[in-house]
Amino acid sequence: MDEPRTPQARRWWHLDPGGAALGLVFAILSVTPSLLPRPAAAQGAITALSFGAGYLIGVLVWRWLRRLIRPEQQRLGGRAAWIAYGAAMVASIALLSGLSLHWQNDVRRMVEMPEADSTHVGAFLAVFVPLTVVLLAIGKGVRRLSRRLRGRFSPLIAGVVTTSIVAGVALAGGAGALAVVDSIFSGLNSGVSAEVTEPGSAHRSAGPDSAIAWESLGRHGSDFVGGGPSAARIEAVTGLAAKEPIRVYAGLESAPTDAARADLVLAELERTGAFDRSILVVATTTGSGWLEPQAVDALEYLHAGDTAIASMQYSYMPSWYSFLFDPDAPVHAARTLFDAVYERWSQLPADDRPTLVSYGLSLGAHGSQAVFADLADVRTRTDGALFVGSPNGSRLWRDLQDARDAGSPAWQPVLDGGREVRWISRPGDDSDLPQPWQKPRVLYLQHATDAVTWLGPRLFWQSPDWLEPDQRGADVSPSMRWIPVVTGLQVLVDMMLGDQVPAHHGHNFGNVVPSAWRQVTGDAGLDAAAFARVQAIIEDYAPIKSTLE
């Protein structure tokens, strides 16, 4: 005969009322709109984690409240009450699923993506429900462990042991996850894309007479020096006589330090004749060493190949990893390379040296900006700069944003009437600025829905300007509201897991780059038809989520 179940055993399978209520509140907050659509599975995982956090806090709060309630009033009731409670939870999950679909479609419409259908709800529930069950089981298991320890030791010792076990497991899991990420990206870095081959041109690193070995470039370095348009291709597209573009790159394995890699790049620039070209770009890569093909190819088309682009790798890890765990790496690498190139460039006659341009995308923009003390320094030591999708933590970007003209929105600021620096999201955004744009020109490409730009520490505790009604971008959902802590976490998720959105939104700038380069550097004399052909080619490239590169 089975033994009767004790109240303690029965409670193992029951949801704590306070935990479930606050968990549901946290879950609903997690599906509210943010800047970008989120994949259904990712949203399910985020909502499960949110429910778990809310449940834990709710349990603690409910336990404290019960001390203020008389014992006879603490019981939830009989079986009917529990059935009603269970039905309410099922209804809450259905409501949660519906809200997730409704709000995600609201965001998808704003960024010109097709609406999700009922499969979104299915994928959401397929992740949310089992992960929530797992999290609850873990929580209840920890609670049971703590009770057993309290039966053998003092409450203090039991609490210390339980906390130590949980923290140890969490740290071990985190370290293991980071080790897996390192292993994955280390393996990726050592590979070479099937689409590229070792260059046969002396105008490329790893080509004939180059001191840099092909095998040392890494995956993105080999893509860069082995890719891009040839002189013949540029001529066919633009109708202009073209030169073979110069591409110089040093990988992590090319030399042991930033300084040694910068020396290699400088030697390669000398070898290839880069200082005799009309345009010389010093580019800072993203975290893994990637340079966006749309940006570098567009420059070469616009200037009929009379260009040299120099860069070097400082990490093989994705940008988010470098930003969190090694934020000084892009800054040190960018300064080391730019200073080396600038010193040599400065020795040339002012009327017989290339136009020197600083460029960076995402974490690369962070590194490139860190080279300079302020806007005046950028314009003193370059002939122009293009910073794309600047991270929120970039000091130069923050200083310029804070100094913007009164009334101009944070997502598209105006400084001094646009005289020295400008921000655009689409070509023509700056057409009605009151001041003529003086050279050297500094240009930021910036979208209202770019999580990389808007994610900063203050977002967790302070409502940002860019969500104010009179400053909100046209593609930011009107349903998005600032919620302490929640909005910061949502924008973090947008940066990491947001769906790849069409051009003009999010962290996708490739289609704007041809016009941006033209504004900063001019071009080789392309007519309207030739520029349109270049624009069409660049727009046809498949976008890559650069925060994962």
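Those letters in the sequence shown? Residues 11 to 559, per our numbering, in order.
For each residue, glycine too, the CB sits at the ideal point set by N, CA and C.
Per DSSP, what kind of secondary structure is residue i in: helix, strand or coil?
i	result
Pro17	With a pLDDT of 43 at Pro17, under the threshold of 50, the predicted position of this residue should be treated as unreliable, though the coordinate-derived value follows. If DSSP states are grouped into helix, strand and coil, Pro17 belongs with the helices.
Thr294	strand
Trp492	coil
Ser193	helix
Ile434	strand
Val367	strand
Ala383	coil
Phe36	helix
Val258	strand
Val41	coil
Gly228	helix
Asp12	Low local confidence applies: a pLDDT of 43 at Asp12 is under 50, so the model's placement there is unreliable, and no value is given.
Thr173	helix
Arg482	coil
Ser107	helix
Val137	helix
Tyr324	coil
Phe519	coil
Leu334	helix
Ile554	coil
Phe397	strand
Less than 8 angstroms between C-beta atoms, sequence neighbours within five positions excluded: which residues of the same chain meet that for residue i?
i	result
His342	Asp268 and Tyr324
Gly28	Gly68, Val69, Val71, Trp72, Arg73 and Leu75
Thr365	Ser288, Ile289, Leu290, Asp393, Gly394 and Thr531
Gly210	Gly217 and Pro218
Write down the C-beta distance between residue i and residue j rounded to the nearest angstrom, noting that I regard them as a contact closer than 8 angstroms.
i	j	result
Pro47	Gln114	6 angstroms
Met322	Arg271	5 angstroms
Leu465	Asn402	6 angstroms
Gly228	Gly261	4 angstroms
Gln481	Ala420	6 angstroms
Thr463	Gly399	6 angstroms
Ala314	Ala534	4 angstroms
Phe397	Gln422	Actually they are not in contact, since the Cβ atoms of Phe397 and Gln422 sit about 15 angstroms apart, beyond 8 angstroms.
Who are the Cβ neighbours of residue i in its own chain at under 6 angstroms, not counting the five residues just before and after it?
i	result
Gly386	Correcting the residue identity first, residue 386 is Ala in this sequence and not Gly. The answer is none, since no qualifying residue turns up.
Ser329	Thr296, Gly297, Ser372, Leu373 and Thr557
Val117	Pro43, Pro47 and Ser487
Asp550	none
Arg345	Val381
Trp492	Ser473 and Leu477
Val131	Ser107 and Leu111
Val3	Residue 3 cannot be examined here, being either before or after the span of the chain that is shown, 11 to 559.
Met505	Ala461, Val462, Leu465 and Thr557
Ser404	His376 and Gln379
Between the alpha carbons of residue i and residue j, how many angstroms are there, rounded?
i	j	result
Asp361	Glu559	38 angstroms
Trp300	Ile554	10 angstroms
Asp200	Ser193	The sequence given here has Ser at residue 200, not Asp. Each residue's Cα considered, the two are about 11 angstroms apart.
Ser128	Ala55	18 angstroms
Pro494	Val503	15 angstroms
Gly33	Tyr65	4 angstroms
Leu25	Asp442	60 angstroms
Asp233	Lys449	33 angstroms
Gly236	Arg354	26 angstroms
Val292	Pro512	28 angstroms
Arg436	Gly151	53 angstroms
Met120	Asp485	5 angstroms
Ser240	Glu280	21 angstroms
Thr173	Ala94	35 angstroms
Asp286	His213	12 angstroms
Gly483	Gly370	24 angstroms
Asp12	Ala461	Since pLDDT at Asp12 reaches only 43, below the 50 mark, its modelled position is unreliable, and the value read off the structure follows with that caveat. When rounded, the distance between both Cα atoms is 57 angstroms.
Val100	Pro49	23 angstroms
Gly178	Asp316	57 angstroms
Arg243	Arg363	26 angstroms
Leu59	Ser418	38 angstroms
Considering only residues of the same chain and omitting the five flanking positions on each side of residue i, which have a CB-CB separation below 7 angstroms?
i	result
Ser102	Leu34
Ser332	Gly297, Ser325, Ala339, Pro340 and Leu373
Ile38	Leu106 and Leu109
Leu7	Missing from the structure shown is residue 7; the chain here goes from 11 to 559 and no further.
Glu245	Ala251 and Ala252
Gln18	Because Gln18 carries a pLDDT of 44, less than 50, the predicted location of this residue cannot be relied on, and no value is offered for it.
Using a Cβ-based criterion (distance less than 6 angstroms to any ligand heavy atom), does residue i qualify as near the ligand FAD?
i	result
Arg451	Ligands in the displayed structure: none, and consequently the ligand FAD is not present.
I'd like to know if the region 493–502 and the region 460–476 are in contact, where contact means that at least 3 CB-CB pairs between them fall below 8 angstroms.
yes
With a cut-off of 8 angstroms, do at least 3 Cβ pairs link the region 65–78 to the region 538–550?
no
The region 450–459 in contact with the region 418–432 per 3-pair CB rule at 8 angstroms:
yes
Can we say the region 291–311 touches the region 519–526, given the rule of at least three CB pairs closer than 8 angstroms?
yes
Okay, do the region 177–187 and the region 206–226 touch, 3+ Cβ pairs below 8 angstroms being the bar?
no
Below 8 angstroms, can you find three or more Cβ-Cβ pairs linking the region 166–175 to the region 128–148?
no
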